[in-house]
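A short worksheet on the structure shown next.
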Amino acid sequence: MKIKAWLLLLFCNLFWAGNMIVGKIVTAQFPTVWMIFARWLIAFLFLLPLAHFLEHPKWWKLFKENYQILLFMSVIGTALYNWITYTALRYTTSLNASLINALNPGLIILFSAILLHARMKIGQIIGLVLSFAGVLLVITKGQPLLVFQTHYNKGDALMLIVIFMWAIYSIVGRAAKNVPPITLITITSFIGFIVTLPFLPLYPIKLSNLNLSAVIGIVFIGIFPSFLSFVMWNMATRMLGPGVAGLSMNLICIFTAIISAILGAKLLPSQIIGGLIIIFGIALSSGTPLFHRKVSLKKAELFNKP
């Protein structure tokens, strides 16, 4: 099960890395709200038959039992998260965004510890620090001191909001009672594109200005980083827990560097070394259960731990 979970996370983060690159192209021609609408509509069309025939959910019953959690996850994880992320990238650099995003694993672990009243082992703490150090090497091209020379702006503040939202999404997702993973993301993707509908008229688009690359890009984003990645993320999170799964998000830096190299960018030795450190840190952190949980039965039922 552990190998399966990490394979899911491997491809999940690969597709999310692709989203950062393809998203740069698409956002130049699609208003953010239209991009979110199209992204989750496409994902929903793929998710609905998959969930219905594989998991056979009782849709209305599941929604009634978990409507507060599902509505929260839909607004936070599928609508606002994407909206704020793409808005942030208009104001900040990719270096700043990647650095701030690298705080995600630590924040997820912190929230998990607080909400589950858990404690961490020294090995997991060391692994987390190593992973973060590897991220610094990758995104600063082997010059970590650049962190102290970087100018921070409004986009950086928005990225801080984004990582808090993702940490909350990852934790709250485990509280959905008896909702299968594919069904969960199907419902949240449906609500996610529905809540964007009132805003679409405020940002009109001219179809004549769209080219084939933008259309292909939005289809890619709807299928891979949305449909497949979120299914994989929710399945892996239930297998490993949000803390361990969150560590895998540092792989986005590695995959982004690799994809950029394939597209013609030079891959630096510091990026290769940093990538190896990230992988070692993740392996160290996930080698044993991340937390020694001391949770009461009532709390265990609340978070629906597998």
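Take the sequence shown: its letters are residues 1 to 306, numbered as in UniProt numbering. Ideal placement from N, C-alpha and C gives every residue a C-beta, glycine not left out.
Apart from sequence neighbours up to five positions away, the residues of its chain that approach Y169 with a beta-carbon distance below 8 angstroms are M73, I76, G77 and Y81, ordered along the chain. Note on W60: under 16 other CB atoms within 10 angstroms of its CB, so exposed under the neighbour-count rule.
Contact check between the segment 160-175 and the segment 44-53: fewer than three CB pairs, one atom from each, fall below 8 angstroms, which does not count as touching. Excluding its 5 nearest sequence neighbours in each direction, L41 has C-beta neighbours in its own chain below 6 angstroms: F193, listed in chain order.
Per DSSP, the continuous alpha helix (DSSP H) segment holding S229 begins and ends at S229 to L240. For M35, the enclosing alpha helix (DSSP H) starts and ends at T32 to L54.
Bounds of the alpha helix (DSSP H) holding V215 are L212 to I221.
In its chain, beyond the 5 residues on either side, W83, T196, F199, L200, L202 and Y203 have a beta carbon closer than 8 angstroms to the beta carbon of V33.
The Cβ atoms of L62 and T186 lie no closer than 8 angstroms to each other. The residue from I259, I278 and L267 with its alpha-carbon nearest to that of W16 is I259. For L70, the closest alpha carbon among the candidates G274, K24, I273 and A176 is that of A176. Only residues of its own chain outside the window of five on either side were considered, and among them V138, G275 and I278 have a CB closer than 7 angstroms to the CB of I254, listed in chain order.
Note on Y86: 16 or more other CB atoms within 10 angstroms of its CB, so buried under the neighbour-count rule. A contact is defined here as three or more CB-CB pairs under 8 angstroms, and the segment 97-113 fails this definition with respect to the segment 218-225. Put simply, the backbone Cα of A133 is about 44 angstroms away from that of K64.
For I182, the enclosing alpha helix (DSSP H) has its first and last residue at P181 to I194. Straight across, the Cα-Cα distance linking T27 with L158 is about 17 angstroms.
About 3 angstroms separates the beta carbons of S270 and G142, which is inside the 8 angstroms limit, making them a contact pair.
Linking N101 to I272 through their CA atoms gives a straight-line distance of about 19 angstroms.
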